Amino acid sequence: MANKNKKFSRRSPFAAALVLIAGLVVSGGTYVAASAAVSNATPKTEVDQELIETGKKLFLANCASCHGKNAEGAQSGPSLIGVGSASVDFQVATGRMPGQASGPQMEVKPVQFKQEDIDALAAYVASLAPGPESPTDEYLAIKGDAAKGGELFRINCAMCHNAVGAGGALTEGKYAPPLKDTEARHVYQAMVTGPQNMPVFSNSNLSVEAKTDIITYLQYVQENPSVGGEELANLGPVAEGLVVWFGVLGLIVLITIWLGAKSN
Amino acid sequence: MTENSKDLAKIESTEEHEYASGLAVVSPDKIADPGIEPHRIRMTEKSVKHEKAAARQVSALFSLSILGSAFAVWAYFAFPFDGETAGSLRYNTIFLGLGITLGLFGIGIGAVHWAKTLMPDAEVSEERHLARGSEEVRAAAVEIIRLADQESGFSRRKLIRRTLYGALALFPIPAIVMFSDLGPDPKDSLNHTMWAKGGLRLARDPDGTAIKAADVQIGSVFHVIPEGLVDLEAPDLLNEKAKAAVLLVRVEPSVITEKQREWGYEGIVAYSKICTHVGCPVALYEQHTHHLLCPCHQSTFDLANDCAVIFGPASRALPQLKIEVDAEGYLVAPGDFAEPVGPGFWERKV
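If you read the sequences in order, they're chains P and Y. Letter 45 of the first sequence, counting from 1, is numbered 35 in this note's numbering, and no numbers are missing. Quick note, this note's numbering runs 218 ahead of the 1-based positions in the second sequence.
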């Protein structure tokens, strides 16, 4: 019995060969599978790498003089490490960057880059350190609750941007820009990145749904003009008072002069 | 004769001045009264053609008014409310208003034009009569008062007179008592807020979800209400919110003062959102300058320096709310603000 068993024991010369073959099959198979997976992933990484390289070249040519060669920041510009692709897309695609002149804040200008160059810049800056990302088109297409968005906007945004997004003044020449013609993408990016002196409204503060509601509210306000007629830029009592003083009061003065003048 | 009356006598002797009744000195007018300017005959009186034209203009203005009124009625029905969005009333409002304006304005300027061009325009002057009555009238008035006093016994009957004075003096008192309806007296309620309960978590406005310290990134701003506030019923909800509203900001701990660091948590600081000037919500926070701006009167507070006033009419720094982190990582306020929040009031002690 023991002899018979010995034929198939671990000490059999065939056993070593069997283990060797099994080992080779397993490791070889894993390698093949893994390399297949790697080769599948490679094209995307290469494209990304290419985009990042293009972005880096654009960065060195257009941004490095203020933000430093490695985006580490300098006297004239802050560090961009960790600001994320959303920040780059917001600043460049609204024309604020590259900045033209130093002042209280960076102004909106005609956009200086093509969208693919902006994407390349964004990819390069995002490759330096993780940061907020731009929203997807699918996300931006979602319609939220305008009423809820209006409430959130009045609590979180209206004190600077005005209750209907007409913008307003801040200290020392800075201002919160009007949001009338701002794209939904840029509204979202501004909330997650907090550009210039705007505070950050991350997703742990205003949830992703809350941001959708706010964007929906802004769109609603743009599509539904004021019931009362001319909005006078929605600036409230200042603009209205100005029109009353110089327009209406002037008209009243003219009528009074006519009333007092003798007929010819 | 006193000094003054001597002076007066001196002035009286000179011929340059004359006296009206009373003692005012009237200096003779150096510029001659030009009188009424000569009457000018209008074109409408000179030619029938002009008169007819003016008549047509007046009736055209009245017709414009008729059209305006009709237009207003038409506009009311032509731009109806679509039942959904208030914005659909935009043209209704504009054209209804324009129509009514034309309706009223046409009547007004038509009437004025009529009076100016076609009605008689000869100037006349009417002299004012003297303010002082004649001696006879004055004597009669004095006699009436004397007679009334005698007949009523007003001077003689002291008891009646004194009770009448008392009645007149007390008569306005009920009206003054009614001022207490301007209350109720807020008593001690302005001195403390809902945070006085102690251990309340800081929650997001408006949904009332609690905030974890980890949720608050540097440079971010949270609009905060006390946990449990959303469960209150009106009017308590708004009364409590008006006092307890808080702005939560996270900055680099190195930019703020030692006291702020102690009362905060790793650079997270909480401040009353109620302006110390007249109570507007101070919420315009600039991330890089750390300025907090009040939108009503531009009071500016320096968040990097205990929220001290650096510009504007506010008289005190914003009160800081001491915060801690509980076992589950949520931000809590161990107690109330150290001083009453918002603008000053009569009974304010600190």
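Idealized CB from N, CA, C, for every residue including glycine. The structure displayed is predicted, hence computed values, not measured ones.
query                                                                                                                      : result
CB contact check: P:K201 to chain Y, cutoff 9 Å                                                                            : no
Beta-carbon gap between Y:G351 and Y:L322 smaller than 9 Å                                                                 : no
Where Y:Y489 meets chain P, residues with beta-carbon distance less than 9 Å                                               : In chain order: nothing, as chain P lies at least about 14 Å away.
Within-9 Å CB hit, P:V126 to chain Y                                                                                       : Inspection of the sequence shows that residue 126 of chain P is occupied by Thr rather than by Val. No, no contact with chain Y.
Same chain, Cβ closer than 6 Å to Y:G553, five either side skipped, listed in chain order                                  : G416
Beta-carbon separation (whole angstroms), Y:P471 vs Y:G485, contact threshold 8 Å                                          : 4 Å
Y:L511: contacting residues in chain P (beta-carbon distance under 8 Å)                                                    : L160 and T161
Nonlocal neighbours in the same chain, by C-beta distance under 7 Å from P:N224, ignoring five residues either side        : N152, V154 and A156
Given 8 Å, three or more beta-carbon pairs between the stretch 339 to 355 of chain Y and the stretch 264 to 279 of chain Y : no
Closer than 9 Å to chain Y by CB, P:F191                                                                                   : yes
Within-9 Å CB hit, Y:G324 to chain P                                                                                       : no
Under 7 Å (Cβ pairs) to chain P, residues found in the stretch 420 to 441 of chain Y                                       : D423, P424, D433, Q435, G437, S438, V439, F440 and H441
Whether Y:F297 touches Y:L307 by CB criterion (9 Å)                                                                        : yes
Every unbroken beta strand (DSSP E) inside the stretch 478 to 561 of chain Y [3 residues or more]                          : 486 to 490, 509 to 511, 518 to 520, 526 to 529 and 549 to 551
C-alpha distance - Y:V442 paired with Y:A556, whole-angstrom precision                                                     : 18 Å
Residue nearest to Y:E542 in terms of C-alpha spacing, selected from Y:L511, Y:T494, Y:G482 and Y:Y489                     : Y:G482
Sub-9 Å separation of Y:Q478 and Y:D520 beta-carbons                                                                       : no
Under the three-state DSSP convention, the category Y:P444 falls into                                                      : strand
C-beta contact flag for P:T202 and P:Y129 at 9 Å                                                                           : yes
Cβ pair Y:L408, Y:F563 closer than 9 Å                                                                                     : yes
Cβ of P:N146 within 9 Å of any chain Y Cβ                                                                                  : yes
Coarse secondary structure for Y:K567, derived from DSSP in three states                                                   : coil
Residues that Y:P499 contacts on chain P, provided the C-beta gap is smaller than 8 Å                                      : M149
Where the alpha helix (DSSP H) through P:V177 begins and ends                                                              : A174 to T183
The stretch 265 to 293 of chain Y: positions lying closer than 7 Å to chain P by Cβ                                        : none
Residues bridged to Y:S438 [DSSP beta-bridge criterion]                                                                    : P:V190
Close Cβ partners of Y:L466 (< 6 Å) along its chain, the five nearest in sequence each way excluded                        : F440, V442 and A488
Partners in chain Y for P:L249, counting only beta-carbon separations shorter than 8 Å                                     : V330
Three-state secondary structure assigned by DSSP to Y:V467                                                                 : strand
CB contact below 9 Å: P:N214 versus chain Y                                                                                : yes
Y:Y503 and P:P189 closer than 9 Å at C-beta                                                                                : yes
Sequence-distant residues of its chain with Cβ nearer than 6 Å to P:E62 (five each side left out)                          : S69
Environment of Y:F299 [buried if 16+ CB atoms lie within 10 Å]                                                             : exposed
Below-9 Å beta-carbon distance, Y:G547 vs any chain P residue                                                              : no
Candidates Y:P513, Y:Q538 and Y:G530: closest to Y:A522 by CA position                                                     : Y:Q538
Given 8 Å, three or more beta-carbon pairs between the stretch 176 to 194 of chain P and the stretch 233 to 248 of chain P : no
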